[in-house]
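0 is the number of the first residue of the sequence shown in numbering that gives the first Met the number 0; add one for each residue after it. In this text, a Cβ means the ideal position worked out from N, Cα and C, and glycines have one as well. Note that the coordinates shown come from a computational prediction; the quantities given were computed from them, not determined experimentally.
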Amino acid sequence: MAAGPRTPVLVGVGQYVGRESDPARALSPADMLAEAARAAIANCGADAAGVIDTLVAIRLFADSRGALPSPFGAYRNLPHAVARRIGAHPRDLVYGPVGGNTPQMFVNELAARIAKGDSDVALIVGGEALRTQARAEKAGLTLDWGEDAPSDPASCGEEIRYASGHEIRHGIALPTSVYPLFENAFGAAMGWSPLQHRAEIGHLMAPFSAVAAENPFAQRQAAYGAEALVEPGEDNRIIAYPYTKRLCANMFVDQAAAVLMMSTEAADRLGVPADRRVYLHGSADTHEKILLSERIDYATSPAIYIGAAHALAEAGITPDDLSYIDLYSCFPVAVEIAAAMIGLPTGDPARLTLTGGLPYFGGPGNAYSLHAIAEVVEHCRNDAGAWGFVFANGGFLTKHSFGVYSTSPGYGARSDPASYQAAIDAMPSPPFTETPAGEGRLETFTVVHHKGSPMYAIIIGRLDSGARFLARMHAGLEPLMEAPIIGHRLRVTAGEPNIAALI
Ligand SMILES: CC(=O)SCCNC(=O)CCNC(=O)[C@H](O)C(C)(C)COP(=O)(O)OP(=O)(O)OC[C@H]1O[C@@H](n2cnc3c(N)ncnc32)[C@H](O)[C@@H]1OP(=O)(O)O
0 MAAGPRTPVL VGVGQYVGRE SDPARALSPA DMLAEAARAA IANCGADAAG VIDTLVAIRL
60 FADSRGALPS PFGAYRNLPH AVARRIGAHP RDLVYGPVGG NTPQMFVNEL AARIAKGDSD
120 VALIVGGEAL RTQARAEKAG LTLDWGEDAP SDPASCGEEI RYASGHEIRH GIALPTSVYP
180 LFENAFGAAM GWSPLQHRAE IGHLMAPFSA VAAENPFAQR QAAYGAEALV EPGEDNRIIA
240 YPYTKRLCAN MFVDQAAAVL MMSTEAADRL GVPADRRVYL HGSADTHEKI LLSERIDYAT
300 SPAIYIGAAH ALAEAGITPD DLSYIDLYSC FPVAVEIAAA MIGLPTGDPA RLTLTGGLPY
360 FGGPGNAYSL HAIAEVVEHC RNDAGAWGFV FANGGFLTKH SFGVYSTSPG YGARSDPASY
420 QAAIDAMPSP PFTETPAGEG RLETFTVVHH KGSPMYAIII GRLDSGARFL ARMHAGLEPL
480 MEAPIIGHRL RVTAGEPNIA ALI
């Protein structure tokens, strides 16, 4: 297929990693983003800064519902701060919503805007300086990252609440405590014993770390063996069973990335060389039933299944056609479930990451997948006609975005996500009770640890009536981690929080 004048095309990608150990000399978040933006513009081989009409900044963790507030001041308008630094004068300055899916989501949305003629040249930037922030705080240093602007940015995309008050009271708050709930459900669905399950996780993730070790943009270029990932140790404490620290996304990174997109007519006008151009042949954006308590189950993901199938069908290919793949990997189960839903074999796990993954390459907040997109673009350029694929995830395996890439000219015209989201929304959730009492069985669990010691378990169970409930367990935690336990009978007493015990 030939590219028409409005065919959107990715033309420039840039990545930045900060290795400065003195926080007083390290770059601020906006300076890092500007570095990545300059690299992306240089990478397109044309002078494009002055013609950017839309600049999107991926939301900083500091601005993501106060989860990690910055002690060093806030940007009133982060896209403006970046535009100012790179000499751009965009008409639209956009600050994205919370979610690791948003880098791919914005590629999908901006491609549609470019195709419609609503934008001609668009830049997406994102990153985090949490490594520097943590080091400065540890050293008692005060940095000044606050920056005013003439106006606020436009916000774009839906802002959703990932957990209800009832869920938060039962521990559904931090990703490190929620993803293990999926992991234990997935292991049980595979029929793995705890020992076998940990071995499987180690074998899946060790090759990710080997990819990171070879990636010059990885924050931590270290390859680990499978055992070193899953076995608890002094530097690898259990965070929430079965996850150790080395199985969790590392957000204490100084990393940024940028992606420059434009219409084919703009690329022609600016003289962007043909070998820079990578096309979006398929895309999709889906979400699960938002609340964890409403999910169909915890071992599958209908929204990944449907979203990936839609994006691949739009491109007219199957999973077997993919050469370059990056699956979001904040925790191993994101990879396990995505691979199963998309239909990707896991026998050669290094095929499932281009960066090395969030625990090893680094997980710069909501912006990680901009690095995945930068990598997929470079790989596709080096292998003309080959297919690339990015799966990006946000929240608690909540929101998903997909992109299918190739140097072959073309564009998979975007269908309204509502057209395929409806099938997910129509799936019935199990009944749920906030006030469970009586007996039932264990649906999934995790044991949250503090400083490496078990603190309490988060329990998701089903009463014999079929109703799902949340509970905590404070005693008798060891049996949960020693033998296959999912499906085991338990008793629950209603309260604030509900308390469960194995029987
Ligand atoms: C959709 C999604 O993306 S959901 C995922 C969103 N991201 C997250 O939730 C991040 C999850 N990770 C974490 O919360 C943290 O990394 C934790 C809790 C696992 C560990 O953090 P801490 O307890 O602060 O780390 P700790 O104090 O033990 O160690 C600090 C050192 O370890 C490093 N470190 C911290 N986390 C990790 C990790 N996951 N892997 C490797 N190294 C890490 C830090 O960079 C720091 O290194 P330095 O001393 O060289 O500067």
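Item, Value
"Is G387 a contact residue of ligand 1, with contact defined as CB to any heavy atom under 7 Å?", "no"
"For Y419, I'd like the list of residues in its chain whose CB is within less than 6 Å of its CB, leaving aside the five on either flank, ordered along the chain.", "I305 and H309"
"How many Å lie between P179 and L269 at the Cα?", "48 Å"
"Hey, would you say V120 sits closer than 8 Å to A35, going by beta carbons?", "no"
"So does the region 402-413 actually touch the region 270-284, counting three or more Cβ pairs closer than 8 Å?", "yes"
"Nearest by alpha-carbon distance to P363: which of L469, P102 and V8 is it?", "P102"
"With a threshold of 7 Å (Cβ to nearest heavy atom), would P102 be considered close to ligand 1?", "no"
"Among E438, M204 and Y94, which one has its Cα closest to the Cα of T345?", "M204"
"Name the DSSP bridge partner or partners of Y94?", "A56 and S154"
"Say the cut is 7 Å; is the CB of F175 nearer than that to a heavy atom of ligand 1?", "Note on residue identity: the sequence assigns Thr, not Phe, to residue 175. T175: yes, Cβ under 7 Å from ligand 1."
"Please report the Cβ distance between D325 and V389, rounded to the nearest whole angstrom; I am assuming they are in contact, meaning their Cβ atoms lie under 8 Å.", "5 Å"
"Can we count L454 as close to ligand 1, meaning its CB is less than 7 Å from some heavy atom?", "In the sequence under discussion, the amino acid at residue 454 is Met, which differs from the Leu named in the question. Result no, Cβ not under 7 Å from ligand 1."
"Is G394 a contact residue of ligand 1, with contact defined as CB to any heavy atom under 7 Å?", "yes"
"Could you tell me which residues DSSP pairs with W386 in its beta bridges?", "L321"
"Confirm the yes/no value for this check: CB of F251, any heavy atom of ligand 1, distance under 7 Å.", "yes"
"Could you name the residues of the same chain whose beta carbon sits closer than 7 Å to that of P453, not counting the 5 residues immediately before and after it, in chain order?", "V446 and L476"
"Count the other CB atoms, across all protein chains shown, that sit within 10 Å of the CB of Q195; report buried if there are 16 or more and exposed otherwise.", "exposed"
"How many Å lie between A349 and T434 at the Cα?", "45 Å"
"Using the C-alpha atoms, what's the distance from H487 back to P78?", "51 Å"
"Residue range of the alpha helix (DSSP H) that T354 falls in?", "First-last for T354: undefined, no H or E at that position."
"Is it buried or exposed for K115, if we count other Cβ within 10 angstroms and need 16 for buried?", "exposed"
"Check each candidate in T6, N183 and A222 and name the one with the smallest Cα separation from I484.", "N183"
"Using a Cβ-Cβ cutoff of less than 8 Å, which residues in the same chain neighbour P152 once the five nearest sequence positions on both sides are dropped?", "A56, N76, L77, P78, H79, L92, V93 and Y94"
"How many whole angstroms separate the CB atoms of G170 and I502, which I take to be in contact at a CB cut-off of 8 Å?", "Not confirmed; about 22 Å, so no contact."
"Unbroken alpha helix (DSSP H) runs of length 4 or more, entirely within the region 263-320: which are they?", "263-269 and 301-314"
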